[in-house]
Amino acid sequence: MTALAQSLAQAAPGHLAAPAVNALIQSVDWLAIAPPVIVAVTALAVLVTDLFLPEYRKPLLGWFSVAGLAAAGLMLLPLLDGDRATFCLTGSTRACSYSADHFTVVIQFLVLGGALLAALLSVTGVQDDRRRVPAGEFWFLLLSSAAGAALLPASRDLATLIVALEVASLPAFALVGIRHGEARSAEAALKFFLSSVTATAVSLMGVSFVYATTGTLHLTEIARRLPQTDGQLHTLVQTGVVLTLVGFAFKTAAVPFHFWVPETYVGAPLPVAAYLSVVGKAVGFSGLILVTVIAFPSYAEVWGPALAVLAALTMTAGNAGALWQRATRAYSAVRLLAWSSIGQAGYLLVPIAAAGYTRDGQKAIGSTVAYALMYAAVNLGAFAVAALVGRTRPLNRIADYRGLYATNPVTAVLLAFFLLCLAGLPPGVIGLFAKVTVFSAAVDAGLGWLAVVMAVNVVIALYYYLRWTALLFRVPEGEPVRHRLPAPLTAALALTAAVGVALSGAPQLVLRFAATTLF
Amino acid sequence: MQFLLAFVVAVPLLGAAAALLPSRPSASRSAAPLLVTGLKGKSPDQAVLRHGVTVTGVVLVAAIVLALGFDHDHPSKMQATTDISWIPALHVRIHLGIDGISLPLLLLTALLTFLCALYSYFNPPAGPSPKAFTALVLLLEGGTLASFAVLDLVLFFLAFETVLVPMYFLIARWGGEGRTRAAWRFILYTLLGSVIMLLGLLLIGIKAGTFDMVALATDNGRTLTTSVQVVAVLAIGIGLAVKAPMWPLHSWLPDAHTAAPTVGSVLLAGVLLKMGTYGFVRILLPVAPDGFRVFAPYLAAFAVVGIIYGSLACLSLARRGAKGDLKRLIAYSSVGHMGFVLLGISTMTPTGVNGALFANIAHGLITGLLFFLVGALKDRTGSTDLDTLAAHSGGALYGRAPRLGGLLAFGAVASLGLPGLAGFWGEMLALFGAFQPAAGLSRAAYLVFLAIGAFGTLLTAAYLLVVVRRVCMGDPGQDLPELADVRGYEFAAWTPLVVLTVLAGLWPRALLGLSDPAVQQLLAGGTR
Chain Y
80 MTALAQSLAQ AAPGHLAAPA VNALIQSVDW LAIAPPVIVA VTALAVLVTD LFLPEYRKPL
140 LGWFSVAGLA AAGLMLLPLL DGDRATFCLT GSTRACSYSA DHFTVVIQFL VLGGALLAAL
200 LSVTGVQDDR RRVPAGEFWF LLLSSAAGAA LLPASRDLAT LIVALEVASL PAFALVGIRH
260 GEARSAEAAL KFFLSSVTAT AVSLMGVSFV YATTGTLHLT EIARRLPQTD GQLHTLVQTG
320 VVLTLVGFAF KTAAVPFHFW VPETYVGAPL PVAAYLSVVG KAVGFSGLIL VTVIAFPSYA
380 EVWGPALAVL AALTMTAGNA GALWQRATRA YSAVRLLAWS SIGQAGYLLV PIAAAGYTRD
440 GQKAIGSTVA YALMYAAVNL GAFAVAALVG RTRPLNRIAD YRGLYATNPV TAVLLAFFLL
500 CLAGLPPGVI GLFAKVTVFS AAVDAGLGWL AVVMAVNVVI ALYYYLRWTA LLFRVPEGEP
560 VRHRLPAPLT AALALTAAVG VALSGAPQLV LRFAATTLF
Chain F
3 MQFLLAFVVA VPLLGAAAAL LPSRPSASRS AAPLLVTGLK GKSPDQAVLR HGVTVTGVVL
63 VAAIVLALGF DHDHPSKMQA TTDISWIPAL HVRIHLGIDG ISLPLLLLTA LLTFLCALYS
123 YFNPPAGPSP KAFTALVLLL EGGTLASFAV LDLVLFFLAF ETVLVPMYFL IARWGGEGRT
183 RAAWRFILYT LLGSVIMLLG LLLIGIKAGT FDMVALATDN GRTLTTSVQV VAVLAIGIGL
243 AVKAPMWPLH SWLPDAHTAA PTVGSVLLAG VLLKMGTYGF VRILLPVAPD GFRVFAPYLA
303 AFAVVGIIYG SLACLSLARR GAKGDLKRLI AYSSVGHMGF VLLGISTMTP TGVNGALFAN
363 IAHGLITGLL FFLVGALKDR TGSTDLDTLA AHSGGALYGR APRLGGLLAF GAVASLGLPG
423 LAGFWGEMLA LFGAFQPAAG LSRAAYLVFL AIGAFGTLLT AAYLLVVVRR VCMGDPGQDL
483 PELADVRGYE FAAWTPLVVL TVLAGLWPRA LLGLSDPAVQ QLLAGGTR
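Read top to bottom, the protein sequences are chains Y and F.
Mind the numbering: the first sequence is residues 80 to 598 in the working numbering, read in order.
Mind the numbering: the second sequence is residues 3 to 530 in the working numbering, read in order.
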């Protein structure tokens, strides 16, 4: 898949003058591309192994996938210096298609970690649902999507970027609809597929406009050539810039591309919803960051205000949607998490919008990265608890969480902690400080109105997070059901809780990204 | 010294964690054998309550040692300071320290929590496991102590918020009638208030470039424009005013007090309300003086309305046949007393602010005692309803349980501000301050406030005397059930409060000598 991206990247610029043969020969830094490659290879290995494994051995596939993701994560360690790049042009300009800088490493860590946790959740989910979910295909699709998501933050040309986006998305459609014989699941997958494909098509159109005016696909080259484009092409470039953002805005579930989220999350198996809410969003916003801050900094006056408005609308729509969730409706817990994830996406967009207003845009997006790391850990934690409760209460209503403390005290306390982190209240200290960095990014950029909108939204969100939290500690109604904790779920819970607590004690671990430039 | 302060803040938090451990916390044996020797009890419930007594006892001893080691010649200097970088990206530091303003509050907190732990050891709260109860009380103590000890705006907010969680659960799980609604109301009010406060704190921090209270106080608002100060004071003031509570943001308080268990009421009135007024003095006065000056007359006006409103509410509750709840009555009287504190702060003069701080401590001691007494009455008679307690022709507490009746009368008389007891000085100084407010504040307006406030003291005296007459006096000969008089452990828990009330009334210098230099410096732009 990387080879495909590479050939596209090569072919697309075209090298209008006949290129010298040696200019096409590039050395490949295998270490730099190891993380996505390992995931992709594991995916293929799982698909092949599935054919030879007897039915009762199928659970092994899950653990094999988890190991593959962990290995890919470990391969980030040699890249910590953040100075590697590969698939570079050998001509006069040294533009690279793949860069393993600090931004890449952090986002790849986020993606691989998120996929790992989603995989841990799925081990139980696939096992419980084995009648309807084909294990081999499930793991193959999950890993393929993760490989695409890991490739995306490293891409430094538009072709690779779009290919990575598609590699991350296409398996996700199938994952959403993977349960046999469930109409809701299939409908959700179709909705998700149609709207996503439309968004990507629009994005591709934008890319073609940009290519038409600049004659290059490399992000840094685009940034260099954009200010020098012909005045007549100005409108074309502007249209191209805005259209390119659409595909990524869709993946982050920004308004007005958010309608697919609640239906899709409810229709999909719960671990897949968790995966989409974290990794899917990471794909979207890292793509947005690359396109805006690296490729189009000279058109900040176009995308800056657009993203600011988008951020304000997204957080307001998400929180309003979450606020109207009735606790007794079927799947209301998943629905609430879906709407709250839209609200959180709004906060994630704020620093990117702020980057359009400051001279040093690359620094502002550090707040997004810090926020995303916090969000990934606690949101996956909340989904882990939802997956746990969903095993004994398949309807997964918020009302089903009433009195959870009485039967599973540790789980209830953890869910309360995750929800308070999402709300930004102590003891969820990291949630509070992540919000503060986003907030100060907006204030520093002179986006006072956006900061006010955000503050109002945070207050609104407090209500529904707190209502859920308070419910956990009420006296249970009727016969309380004790939820049994399978080992993979316990591991996922422990992992997310450890990250959340560690970050609350030492917020500097992620907040330092907000104070430095990552590129 | 510096480790001692960090120790005082950290021990309750560690103790809270230890209380939740599944096995019986063994620390209770080794940490302070002296304290434990008198307290016997074999069941795990008793053990965990004893653990609470031990931890709060250790904290109290440490706080007393801290007070003894405090340099009383320089109370305006920050002492026992710790200053560690925590989040460099946001310039947040773990900065702890005490001066003459925070030391008395620190001691009050440590004392009241210890007395509460002692009281609940002998009189375990009715409700779910005492394990969680002890952990929550310790968490509450840790949060309160931290909010008086920290010198960083963000940490102050964190400590301020930490207190909400345990208080919510204390009311919601161990409370009386209507507890769920009261707890939910409590958390919504204070949470919304503190979120608004956070915005104000962030505004100050971002505009001034530091969250450090000492640096901000030294700067005395010079780097902040007046408009920033006005917005910040409004935002922070709302958060603090909800907590204080200031009329008309008080309506969570009577419900919370009525529903809370005895220990919860004592801590809520004695300690938690102080965090609001402390924030006014520690943050708003020195950091944003220009902004505060704009709002000071409004604050004073709301404060005197609160005084009159609280007294009138109490009078109507104290009437015969009004079905008034004694706990609710004391809660409303708190609104009135905190009105005096806010009036003192709003004068922006050393006299007024000193009076406010004094009234703070006095209210903590006296109202703490009153809530203990009402809790004891409820244990004995099963009711806090005044009409039930007063029976037909008076409750005759003097005759049935003379010591209990005497203590109740003492608490009421101290609360109405009898000279020679703690309640007198603070309110008098607050009114004095209003007689001559700081430059730039309308004297005429403050004279009106002074007159209304003075009238409020009369109303206060009226309802408290009505309560004493109805509950304590009467004919013991009528067929009223037997009442047990004050028990040993109750004596142990209440005596310190009585003694300190008398002491503070007879020797106000002990407190004023501590707070006055620090107040002078804060108002003058805290250079050190």
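No residue lacks a Cβ here, since even glycine has one placed at the ideal position from N, Cα and C.
Every value quoted in this text rests on a predicted model; they were computed, and no experiment measured them.
Residue-chain proximity (residue i, chain F), Cβ-Cβ < 9 Å
{"i": "THR516(Y)", "result": "yes"}
{"i": "SER519(Y)", "result": "yes"}
{"i": "ARG405(Y)", "result": "no"}
{"i": "ARG591(Y)", "result": "yes"}
{"i": "PRO505(Y)", "result": "yes"}
{"i": "ARG263(Y)", "result": "no"}
{"i": "GLU498(Y)", "result": "According to the sequence as given, residue 498(Y) is Leu; it is not Glu. No, LEU498(Y) does not count as interfacial toward chain F."}
{"i": "ALA291(Y)", "result": "no"}
{"i": "GLN307(Y)", "result": "no"}
{"i": "ARG211(Y)", "result": "no"}
Where residue i falls, given that 16 or more other Cβ within 10 Å makes a residue buried
{"i": "PRO279(Y)", "result": "Before going further, note that residue 279(Y) is Thr rather than Pro in the sequence given. Buried is the call here."}
{"i": "ILE531(F)", "result": "Summary: the structure shown does not reach residue 531(F), with chain F confined to residues 3 through 530, and so no result is reported for it."}
{"i": "PRO168(F)", "result": "buried"}
{"i": "GLN610(F)", "result": "Past the boundaries of the shown model lies residue 610(F); chain F is included only from 3 to 530, so the question cannot be answered."}
{"i": "GLU492(F)", "result": "buried"}
{"i": "GLN423(Y)", "result": "buried"}
{"i": "GLN307(Y)", "result": "exposed"}
{"i": "TRP528(Y)", "result": "exposed"}
{"i": "GLY131(Y)", "result": "According to the sequence shown, residue 131(Y) is Phe rather than Gly. Classification of PHE131(Y): exposed, given that the 10 Å Cβ count is below 16."}
{"i": "ARG429(F)", "result": "Residue 429(F) is actually Glu in this sequence, not Arg. Classification for GLU429(F): buried."}
{"i": "GLY145(F)", "result": "buried"}
{"i": "GLU300(Y)", "result": "buried"}
{"i": "GLY442(F)", "result": "exposed"}
{"i": "ALA148(F)", "result": "buried"}
{"i": "ARG472(F)", "result": "buried"}
{"i": "PRO421(F)", "result": "exposed"}
Chain Y contact for residue i (CB, 9 Å cutoff)
{"i": "PHE171(F)", "result": "yes"}
{"i": "VAL13(F)", "result": "no"}
{"i": "ALA290(F)", "result": "no"}
{"i": "LEU193(F)", "result": "yes"}
{"i": "THR212(F)", "result": "no"}
{"i": "LEU609(F)", "result": "Given a span of 3 to 530 for chain F in the structure shown, any question on residue 609(F) remains unanswerable."}
Sequence-distant residues of its chain with Cβ nearer than 7 Å to residue i (five each side left out)
{"i": "SER446(Y)", "result": "PRO430, THR516, VAL517, ALA520 and ALA593"}
{"i": "ASP387(F)", "result": "LYS325 and ASP327"}
{"i": "ALA69(F)", "result": "LEU105 and LEU109"}
{"i": "VAL230(F)", "result": "LEU205 and LYS209"}
Chain C residues whose Cβ lies nearer than 8 Å to that of residue i
{"i": "TRP186(F)", "result": "The question asks about chain C, but that chain is absent: this structure's protein chains are Y and F."}
Close-in-space but distant-in-sequence residues of the same chain around residue i (CB under 6 Å, 5 per side omitted)
{"i": "ALA401(Y)", "result": "LEU415, TRP418, SER419 and TYR543"}
{"i": "LEU485(F)", "result": "ARG382, ARG402 and ALA403"}
{"i": "GLN441(Y)", "result": "VAL372, THR596 and PHE598"}
Spatial neighbours of residue i in its chain, beta-carbon cut-off 8 Å, leaving aside the 5 residues before and after
{"i": "ARG511(F)", "result": "none"}
{"i": "SER106(Y)", "result": "THR165"}
{"i": "ALA214(Y)", "result": "ASP129, LYS137, PRO138, LEU140, GLY141 and VAL205"}
{"i": "LEU287(F)", "result": "PHE294, ILE347, MET350, VAL355, LEU524 and LEU525"}
>> So within the segment 411–492 of chain Y, which uninterrupted alpha helix (DSSP H) runs reach at least 4 residues, ignoring any that extend past its ends?
In response: 411–434, 440–471 and 483–486
>> Which complete alpha helix (DSSP H) runs does the segment 195–265 of chain Y hold, if anything under 4 residues is left out?
In response: 214–230 and 237–255
> Counting pairs of beta carbons, one from the segment 263–274 of chain Y and one from the segment 142–156 of chain Y, are three or more of them closer than 8 Å?
Replying inline: no
> Along the chain, which unbroken stretches of the alpha helix (DSSP H) at least 4 residues long are found entirely within the segment 311–357 of chain F?
Replying inline: 328–348
> Quick one: complete alpha helix (DSSP H) runs, 4+ long, within the segment 272–339 of chain Y?
Replying inline: 298–304 and 313–331
> Considering only residues of the segment 180–259 of chain F, which uninterrupted alpha helix (DSSP H) runs meet the minimum length of 4 residues and lie entirely inside it, listed in chain order?
Replying inline: 181–210, 215–221 and 228–245
> Three or more C-beta pairs closer than 8 Å, one from the segment 473–489 of chain Y and one from the segment 425–439 of chain Y: is that the case here?
Replying inline: no
>> What ranges does the alpha helix (DSSP H) occupy inside the segment 457–509 of chain F, keeping only unbroken runs of at least 4 residues that lie completely in it?
In response: 490–508
> Any contact of the segment 363–370 of chain Y with the segment 340–349 of chain Y, i.e. 3+ C-beta pairs under 8 Å?
Replying inline: no
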